[in-house]
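Residue numbers (UniProt numbering): 1 to 373.
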Amino acid sequence: MKYTFVSISSQVDKFLQDKESGTVEFKSALGGFPKSFWETYSAFGNTQGGVIILGVKEHDGIFEPNNLSDEAIDKLQKDFWNGVRNKNTVNICLLQQKDVEVGIIGRCKVLVFHIPAARREQRPVHCTLDAFNGTYRRNYEGDYLCSPMEVRRMFADADISRPADGRILKNFSWDDIDRPSLNQYRLLFSVARPSHPWLSLPDEELMRKLGGYRKDRETGEEGFTVAGLLMFGKFDSIRDENCVPRFFPDYKEIPVNTMEQRWIDRIYPDGSWEANLFQFYRRVLPKLQEVVPTPFKLENSQRIDETLAHESIREALANLCIHADYSEESSLLVYRFPNRLLFPIQGQCWLLQCNFTAEEKAYAGTPISRPCS
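Laid out in structure tokens, this is it:
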């Protein structure tokens, strides 16, 4: 078969950098299609996606291309598509034709697979028919076999008829709730809606109304939900193996418009505050809104301190907290640059552009929200 080759020599440095973050894997293909491919396929699918490059031997940080022939590439392609459609090999096909390309490093041919992250309802991605002995995830050290508890959690999260954040947590109690957070929420609620009937409810009933505590009518089981712990829980309780063990909210202010510069301000679970979503939101929102100038404006003799730009930032942060995939490492990241805000979420990166002309500085406009690669 004749192939159109795509030179990836210019991308090699990036691939090597990405390897440090665990999103690129090089594999030799001299002996045919490597069996370890499917473990990495599973791991990337269950984590954040990644790139597998067949035709490069790696040993102690030294990379040696195999220089695959056209016949070898043709055979590898056939083996992949046959395997990915065989339930005895892997349970789901995540790739399209465009996700597989033949590349050249220097003068050597390689086969590049772009593995997307599986959607929540597609997980767990597993090798063979046995999910409990064939499900992998990725960390900085490589692929690791998931524990039965991790696999069960993926199955539970995949049930879209039962939202993951509505899952009832067994053996969790009020000892796992940060009461000051709930009290602060009550206070803010009373300021915003002073006559709302929920304000007179006891804490347990208020949590029920908010979805933080519920009863399953089918099973009779009741208790705090994942959403309740994420919002008002103690950090150690949220990170419990039975709740959201990878939860780690992280805000960074970077002084220049590049990730290469070290942060100058950071909000993360450092032990000085109870790191739940409510407290993270309260601490981060003012930091983000500082990038937007506040013009002097009166309405009914009252100064208006919040513009449409401030509202856009508030909504973006709220959406991030709501839609983040908390099964992932680094699932809740916020970056502040001099003139833009970045909200990475589920394989995309939402950008709030905050550029102002001299005239706009007097009247802050609405930031532009768009996905960026």
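Where a beta carbon is used, it is the ideal one built from N, C-alpha and C, also for glycine. Note that the coordinates shown come from a computational prediction; the quantities given were computed from them, not determined experimentally.
By DSSP's criteria, Gly142 is part of a beta bridge. Which residues make up the other side?
Asn139.
Could you tell me which whole alpha helix (DSSP H) segments of length 4 or greater appear in the segment 230-274?
Listed in chain order, they are 235-238.
For the alpha helix (DSSP H) holding Leu199, just list the boundary residues, first then last.
Where Leu199 is concerned, there is no enclosing alpha helix (DSSP H), given that its DSSP letter is neither H nor E.
DSSP state of Gly347, grouped into three classes?
Since pLDDT at Gly347 reaches only 48, below the 50 mark, its modelled position is unreliable, and the value read off the structure follows with that caveat. Three-state result, Gly347: coil.
Between the segment 165-174 and the segment 133-148, are three or more C-beta pairs nearer than 8 Å?
The segment 165-174 is not in contact with the segment 133-148.
Could you tell me how far apart the beta carbons of Ile52 and Glu25 are, in whole angstroms, since I believe they sit closer than 8 Å?
That pair is a contact at about 5 Å.
CA-CA distance, Ala320 and Leu332?
The question names Ala, but residue 320 in the sequence shown is Leu. Each residue's alpha carbon lies about 7 Å from the other.
Going by CA-CA distance only, name the one from Asp250, Lys57, Gln261, Gly228 that's closest to Leu270.
Contrary to the premise, residue 270 reads as Asp rather than Leu in this sequence. The shortest Cα separation from Asp270 among Asp250, Lys57, Gln261, Gly228 belongs to Asp250.
DSSP puts Pro124 in a beta bridge; with which residues?
None; Pro124 has no bridge partner.
Which residues in the same chain as Met207 place their Cβ atom closer than 7 Å to its Cβ, once the five residues preceding and following it in sequence are excluded?
Cβ neighbours of Met207 beyond the five flanking positions: Tyr213, Gly228.
Say whether the segment 125-133 touches the segment 333-342, bearing in mind that this needs 3 or more beta-carbon pairs closer than 8 Å, one atom from each stretch.
The segment 125-133 vs the segment 333-342: no contact.
Taking just the CA atoms, how far does Cys243 sit from Ser237?
Their Cα atoms are separated by approximately 8 Å.
Going by DSSP, what residue range makes up the alpha helix (DSSP H) through Phe44?
From DSSP, the alpha helix (DSSP H) with Phe44 extends over 36-45.
How would you call Arg138, buried or exposed, if buried means at least 16 neighbouring beta carbons within 10 angstroms?
Burial call: buried.
Assuming Cys93 is part of the beta strand (DSSP E), what are its boundary residues?
Where Cys93 is concerned, there is no enclosing beta strand (DSSP E), given that its DSSP letter is neither H nor E.
Take Gly49 as the anchor and find which of Phe113, Trp81, Ala29, Ser36 has the nearest alpha-carbon.
Closest by alpha carbon: Phe113.
Can you tell me where the alpha helix (DSSP H) with Leu277 in it begins and where it stops?
That run of the alpha helix (DSSP H) goes 277-289.
From Val56 to Glu71, what distance separates their C-alpha atoms?
Approximately 17 Å between the Cα atoms of the pair.
Which partner residues of Leu111 appear in the DSSP bridge assignment?
Paired residue(s): Leu54, Val102.
Could you spell out the range, first to last residue, of the beta strand (DSSP E) harbouring Glu25?
Start and end: 24-27.
Taking Cβ positions, are Leu277 and Leu230 nearer each other than 7 Å?
In this structure, Leu230 lies closer than 7 Å to Leu277 by Cβ.
Could you pull out every residue in the same chain whose Cβ sits closer than 7 Å to the Cβ of Gln261, ignoring the five residues on either side in sequence?
Once the five neighbours on either side are set aside, the close Cβ partners of Gln261 are Ile254, Pro255.
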